[in-house]
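Count along the sequence shown starting at 1, add 89, and that's the number in this note's numbering. Every residue gets a Cβ at the ideal spot worked out from N, C-alpha and C, and that includes glycine.
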Amino acid sequence: MPLNFDSLLLWRDDAFQSGALHMARDEAILKISDRPTLRFYHWREPEVTIGFFTPFRTVAERREAITRRWTGGGVVEHGSDLTFALTLPRSLLIPGQRASDRYQWIHESLADALQETGYSSAVPSPSPTSGAIEPIHPGFCFSDPVSWDVMCRDTGRKLAGGAQRVGREGMLHQGSVRLPSPWNRIDHPWIDGFARNLCGARPVIELPEPLKQEVDILGAKLAAERYSNPAWLHRR
């Protein structure tokens, strides 16, 4: 899926934060960064995120902290997973492109990076009966594989899934990856490979400190006003 951009920004965010702040930082990057940006992060404690359209009653009995995402998709249990967000400015999106094409591009880039570092993975082509990208009745992400998910070749287990949304500023794709040690480390080489696969021969650049500071400021504001707000969580 060729895109016309000259570089990709990469941020290995090693701050263990709450779900509200993580979701807020992802949205802040979408609003601020004028280049494709890839952020990887871990979780402070076990939490659950739900898609924008997921009814709160789906997770009302859960004991973990719950945060509603800006993206779609279903219920994702976080804690030991390695999570990432990829943003694309609106100017780089291909008019009329299907969401499934972007999923395929992102997840094939991810699977190839894992394969290159010795972890057996693949993105099976969807069959006529396979699930849609966004389930009509969003369920638990890792219990319900959908088209273009990353799967383990050896066990058939789902390794990675994602949720995506396009808004005024561009595209935000949030992905969750479940891998054993050492592949679940934020400094593992497959992350560099993933970034290179996404951008081809274009350079991968560490996110500049001034931009991180801007994201921190706007992220804190969005976390307080939206993602920590009960009205946002219970909107559906």
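CA-to-CA distance, residue j to residue i, given in whole angstroms
{"i": "L119", "j": "F145", "result": "25 Å"}
{"i": "F94", "j": "L248", "result": "28 Å"}
{"i": "E153", "j": "G207", "result": "34 Å"}
{"i": "Y192", "j": "S265", "result": "13 Å"}
{"i": "A290", "j": "L182", "result": "19 Å"}
{"i": "S216", "j": "W194", "result": "The predicted model places S216 with a pLDDT of 48, which falls under 50 and marks its position as unreliable; any figure quoted below should be read in that light. Their Cα atoms are separated by approximately 17 Å."}
{"i": "P269", "j": "Y130", "result": "16 Å"}
{"i": "F173", "j": "F105", "result": "13 Å"}
{"i": "V148", "j": "P299", "result": "38 Å"}
{"i": "A188", "j": "G250", "result": "14 Å"}
{"i": "E295", "j": "K301", "result": "10 Å"}
{"i": "M112", "j": "D305", "result": "12 Å"}
{"i": "R151", "j": "N318", "result": "18 Å"}
{"i": "L307", "j": "G245", "result": "40 Å"}
{"i": "I103", "j": "A320", "result": "Residue identity check: residue 103 is Asp in the sequence provided, not Ile. Taking the straight line joining both Cα atoms gives about 29 Å."}
{"i": "F283", "j": "G185", "result": "25 Å"}
Identity of the residue in the options nearest residue i by Cα
{"i": "A62", "options": "D103, W100 and T138", "result": "A question about residue 62 goes unanswered here, because the residues of the chain that appear run from 90 up to 325."}
{"i": "G140", "options": "P125, L261, F283 and G207", "result": "L261"}
{"i": "M240", "options": "S169, R257, E134 and L203", "result": "L203"}
{"i": "S122", "options": "A320, S210, A309 and P297", "result": "P297"}
{"i": "R101", "options": "P278, E303, R246 and D238", "result": "P278"}
{"i": "R257", "options": "P135, P178, E150 and A104", "result": "P178"}
{"i": "R242", "options": "S209, H323 and S270", "result": "S209"}
{"i": "R128", "options": "S270, A149 and I275", "result": "I275"}
{"i": "S107", "options": "V148, T156, E150 and S96", "result": "T156"}
{"i": "V165", "options": "S317, Q263, I294 and K301", "result": "Q263"}
{"i": "D281", "options": "E205, R151, Q186 and E150", "result": "E205"}
{"i": "G259", "options": "L175, A149, S96 and V148", "result": "L175"}
{"i": "R288", "options": "T126, G185 and E303", "result": "Just to set this straight, residue 288 is Cys in the shown sequence, not Arg. Among T126, G185 and E303, the Cα nearest to that of C288 belongs to T126."}
Proximity of residue i and residue j at Cβ, strictly below 8 Å
{"i": "R124", "j": "L98", "result": "yes"}
{"i": "N286", "j": "L171", "result": "no"}
{"i": "A109", "j": "A312", "result": "yes"}
{"i": "W237", "j": "H196", "result": "yes"}
{"i": "R325", "j": "T143", "result": "yes"}
{"i": "R254", "j": "G161", "result": "yes"}
{"i": "P271", "j": "S96", "result": "no"}
Neighbourhood of residue i by C-beta, 6 Å cutoff - its chain only, sequence neighbours within 5 removed
{"i": "G168", "result": "W132 and P135"}
{"i": "V212", "result": "H196, E197, A200, W237 and V239"}
{"i": "H323", "result": "F145"}
{"i": "E116", "result": "W159 and L311"}
{"i": "E303", "result": "I121"}
Residues of its chain near residue i, where Cβ-Cβ distance is below 8 Å and the 5 sequence neighbours each way are ignored
{"i": "H226", "result": "Note on H226: pLDDT 43, under 50, position unreliable in the model; no value is reported."}
Cutoff 7 Å; reference residue i; Cβ partners in own chain excluding five residues on either side
{"i": "S180", "result": "none"}
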